[in-house]
Every structure is written in structure tokens, then in C-alpha cells.
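S.K.: After the C-alpha cells below, expect a handful of questions from me.
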Amino acid sequence: MNIAVIGTGYVGLVTGTCFAETGNMVTCVDIDEEKVKTLSSGKVTIYEPGLEKIFERNQKEGRLRFTTSLSEGIWEARIVFLALPTPQGEDGSADLQYVLSVAENIGKFLRPDDYKVIVDKSTVPVGTAERVRDTILGLLKSRNLEHPENLFDVVSNPEFLREGVAVEDFMKPNRVIIGTSTERPRKILGQLYAPFVRQGNPIIYMDERSAELTKYAANAFLATKISFMNEIAQLCEKLNADVDMVRKGMGSDDRIGRRFLFSGIGYGGSCFPKDVKALTKSAQGVNYDFKILEAVLDVNEIQKQHLVPKVLSYFGGKLEGKTVALWGLAFKPNTDDIREAPALRIIEALEQSGAQVCAYDPEAMGNVQKQMGDRIRYADNQYDALDGADALVIATEWSEFRTPDFNRMKSLMKNCAIFDGRNLFELAQMEEIGFHYESIGRKAVRN
Ligand SMILES: NC(=O)c1ccc[n+]([C@@H]2O[C@H](COP(=O)([O-])OP(=O)(O)OC[C@H]3O[C@@H](n4cnc5c(N)ncnc54)[C@H](O)[C@@H]3O)[C@@H](O)[C@H]2O)c1
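Counting from 1, position 285 in the sequence shown corresponds to residue 288 in this note's numbering; the numbering is continuous, with no gaps.
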């Protein structure tokens, strides 16, 4: 099948590459000329495990092309995916300007006798499929085309991939949601997705509005789990209990499940923060006060500011002249994405208190440097970051941070204190090795 993917970021690039991998001819469109140039020259623009290999293979086979021209991109396509940004607008709701402006342009380029399925893959509020449809239809009518409503359908197909395991998630999705009220696109998308659900995971068909809400409901529920566990962690610290024990005890109940129960320094990333806000805003728009989500947002803010006060209190309220090493900048491991990363807030807070920060992240340092410049020092590796440090703060749970050489750390650090936002180490081990160690929802090891 001929496919166009509009927007070649974290979702669009993975989507385009994975559809090419099952034999489709894919054209990816992006307005960012630099990005298109880099991709066309054979280089991937994001770090995503496993992506580079299939990207190279499909580009070589001629199944994956890149262009800045929307008209060229959609010319031969039967299916046009919109993988465009839907950032948080000023009032907290999702900003649809990118999606609607592309819809308008699609309306300019659709041809008579050339039916296309337009698919919203971006996370968009309920009613967006109708708005996209109305926008395109308006344009077609202004062009005086006959039976414009037969030239296209708009489908909601929200994306559930997780950065860091995006290729795996896309190739073997837990489920595919297809929101459409008409038969024709249902068949076309069913065929397209068939190779991805061969093991029996479902394609769930529903109406457009339910599909749009499903995505927000899923993200909001996951964010709620995080904030809930972060509140349990706060309570553990006050009651002298251990959140990791509580988590294990809770998670062994099938109705709760073991996954996604880790407490930490609050959720970040390109999705949860904006999606929880957008859903709260959507609810307000229909006079519904979504109380749980308001609390989820509040708790997350509190949790993001939980770690640095521990550092401050350890140093008697002052960090002037102190050097703090920071392990992890990406909002989670296995990605270079730093959108709303807790580490950035930690850097700001440490700097405001007078500390010098020396950071290391296996993949995200380039992106942080683009945003923050050389305000902080960037280390060559995790040990280099510790050279002469008064404390180590851990913000992202990259695997390589999990079993470090503690003796080497001790020999490099001026003062052996770790403030761990991801609970990577056992308390008993820290006691034995002799580090001062503070984590989340567990008692402090004071050395
Ligand atoms: N990142 C994720 O993990 C994830 C997961 C599921 C859903 N989503 C949703 O998918 C959507 C895209 O997210 P993303 O993380 O890929 O965003 P992104 O910012 O990484 O990528 C968006 C791309 O669209 C391009 N673009 C902007 N305007 C354009 C235009 N007019 N024409 C062509 N290209 C244009 C940008 O240059 C950019 O490359 C969002 O709605 C997001 O909420 C994201």
C-alpha cells in the first residue's frame, strides 16, 4: 500500500519505518528541512533502540522516502497518517493548529477520483476527527469538486507506543484502536495492520470519539498510578515504611498488577504532562470537574520538587561552592527525549541554590546542550561526572547506572552522598559501602 506520514518526529518516524518494514511504500513529510535532509541522507534523527537497522534496510530497498512537500508526499498515498505535534496550548488544552493547518492543505491537494483515508495518529481531543473532516470538506467544496464527501474518510487511530521500546511496541502492539463509523476505511486499515497483530492481539474498532478518548483515558490512568504511588512514597517517608516493600506487596494482587507502580521524581516526557492537562481541560469544557486528575497534576508538581530539598538539607541549606554530579537527563531511559524531563527541573533548582552541575546521560546530552548551552558541564561518562563531586543525584534509571563500581565512585567523589530519584540501590548495600544515601519513600542511610 502507498502511505504518507505527515510529521516525522518520535511517532511519525517510527510509524513510517515500521509500515515500510511490512512492505508498504512510505513517504514521510516534515516541514523541518534540516530533518528531512538528514533522514534522506540515511541518518536517523532520534535515538530509539532498533530503529536505525530497519530504517537503513527500508531506505535502501526504496520503501522509505522523505520530503518537505505535502502535495508530493500524499500524491500517491491511499492512507495519510497525521503524526503532528499537539502541544499544550496556553490554557492547558491541546493546541490543534498543526493538525488543522495540515488538514486544510490536504483539502487543497485531494484529487477527484482518488479516495484517501486520513488518519489522526496524534493525540487529539474528542471531536477532532470531525473538525479535520469539516476542514477538508470545506476546502473541497470551495474548489467546487463533485461529491467531495466521497473523496476521503477521517479515522482516529491513536498511537500507544512508548519511547525507548517504540519499535517493539509498534511491531507488536498490545492493541490497535481504529475509530471509524464507515466500512471502507475500516477494511483498508484492517489490512494494513494485519501483519502487526498476527499473534492475536486485537484490533478494536469503535467510533471516532471513543477512540480519541481512549488514548487520553489510558495516559491519564497511567499518570494516576504514578502519582498514587508517589503519594504512598511520601507517606512511607513520614511513617518510616519502605515504598519498595509496599509496592511488591500491592503488586502481587492480580487486580493491581506489578507494572507501573514505581515511585520516583514525578512523570515527565512529551505525553503524560500535556495529555493529563488536556483531558482536565476537555472535562472543564463540558462542565465536568475531573477531581482525580486535578490531584494527579498537583501531586506530580510536588514530587518533581521532592529531591533537591533533600540535597539542600543535607548540606545545611546552602549549595554555594558545591559540585553536584547528575546521572540521567532524558525523561526516561533508552530515549534522547528531554521534553518535560524531571532532570531539567533538578538542574534549575540546584543552580538556583548555587551548585555547579556536571551531568552525564548516554543519549540525551546533545539535546540538553541545545536547550541549556554550556551552563552545566557535560561529562564523557558516568564516572567522569563524579570527579570531585560533593554529591550525586540520579534522575533517570539507565541500566548502566544500576550496578556501578562503588569503590571507583568513592575514590572519585569529594564527598560520598547519593540522592537517588529512581531507587536504584539497596539500602543494606549502601550501608555496607558507607555512602550517605537518600531515595524516594525509603529511610535515609546516614553515613
Ligand atoms: N512521543 C511519544 O511517545 C508519543 C506516543 C504516542 C502518541 N504521541 C502523540 O503523537 C503526536 C506526535 O508526537 P511526537 O512525539 O512524534 O512529536 P514530535 O514533536 O517528535 O514530531 C512532530 C513532527 O511534526 C513536524 N511538523 C510540525 N508541523 C508540520 C507540518 N505542518 N507539516 C509537516 N510536519 C510538521 C515537526 O517538525 C516534527 O518533526 C503528538 O500528538 C503526541 O502526543 C506521542
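Using N, Cα and C, we set each Cβ at its ideal position, and we do this for glycine too.
#1: Within 8 Å, do at least three Cβ pairs link the stretch 279-293 to the stretch 328-342?
#2: Quick one: any contact between the stretch 172-185 and the stretch 197-209, if contact means 3 or more CB pairs under 8 Å?
#3: Return the residue from the list Q308, I436, K280 and L296 that minimises the CA-CA distance to E93.
#4: Give me whichever residues DSSP pairs with I397 in a beta bridge.
#5: What's the gap between the Cα of Y219 and the Cα of V246?
#6: Within the stretch 232-291, note down every full alpha helix (DSSP H) run reaching 4 residues or more, in order along the chain.
#7: Whose C-beta lies closer than 8 Å to the C-beta of I268 among residues of the same chain, with five residues either side of it excluded?
#8: Measure how close the beta-carbons of D123 and L154 come, nearest whole angstrom, since I'm counting them as under 8 Å.
#9: Using the Cα positions of A382 and R165, report the straight-line distance between them to the nearest angstrom.
#10: My assumption, with CB atoms under 8 Å, is that N233 sits in contact with S266. Please give the rounded CB distance.
#11: At a cut-off of 7 Å, is E166 close to ligand 3 when judged by its beta-carbon and the heavy atoms of the ligand?
#12: Assuming the contact rule is C-beta atoms closer than 8 Å, I191 and I82 should be a hit. Round their C-beta distance to whole Å, please.
#13: G12: beta carbon under 7 Å from a heavy atom of ligand 1?
#14: Give me the DSSP bridge partner(s) of I486.
#15: For Q308, name the three-state secondary structure that DSSP assigns.
#16: Taking just the CA atoms, how far does A106 sit from P128?
#17: Run through the stretch 140-191 for me and flag every whole beta strand (DSSP E) of 3 or more residues, listed as ranges in chain order.
#18: Roughly how many whole angstroms lie between the Cα atoms of E55 and R146?
#19: Looking at K280 and ligand 1, is the gap between the Cβ and the nearest heavy atom below 7 Å?
#20: Between the beta-carbon of D339 and the beta-carbon of N370, is there less than 8 Å?
#21: Would you kindly report the start and end of the unbroken beta strand (DSSP E) that includes K335?
#22: Looking at ligand 1, does it come within less than 7 Å of V83, judged from the CB to the closest heavy atom?
#23: Under three-state DSSP, which class holds M375?
#24: State the DSSP-derived secondary structure class of E215, mapped to helix, strand or coil.
#25: Nearest to D387 by CA position, among S402, A367, R411 and P161, is which residue?
#26: Quick one: using the 10 Å Cβ neighbour count with 16 as the cut-off for buried, is R262 buried or exposed?
#27: Excluding sequence positions up to five away, which residues of its chain have a Cβ less than 6 Å from the Cβ of G357?
M.R.: For this structure:
#1: no
#2: Touching, yes, given that three or more Cβ pairs across the two stretches are closer than 8 Å.
#3: K280
#4: The partner list for I397 (beta bridge, DSSP) reads W330 and D423.
#5: Rounded to the nearest angstrom, the two C-alpha atoms are 28 Å apart.
#6: 246-254 and 275-288
#7: Q306, K307, H309, L310, P345, I349, A398, G424, R425 and I443
#8: For D123 against L154, the beta-carbon gap comes to about 17 Å, at or over 8 Å, which does not count as contact.
#9: 27 Å
#10: Contact flag correct, Cβ pair sits at about 5 Å.
#11: Absence of ligand 3 from the depicted structure is noted, with ligand 1 being the only ligands included.
#12: 7 Å
#13: yes
#14: Since the first and last residues shown for the chain are 4 and 450, residue 486 lies out of range.
#15: In this structure, Q308 counts as coil in the three-state DSSP scheme.
#16: 16 Å
#17: 155-159 and 179-182
#18: 42 Å
#19: no
#20: yes
#21: Element bounds for K335: n/a, residue is neither H nor E.
#22: V83 Cβ: outside cutoff for every heavy atom of ligand 1.
#23: It is helical.
#24: Residue state, collapsed to three classes: helix.
#25: R411
#26: exposed
#27: L322 and E323
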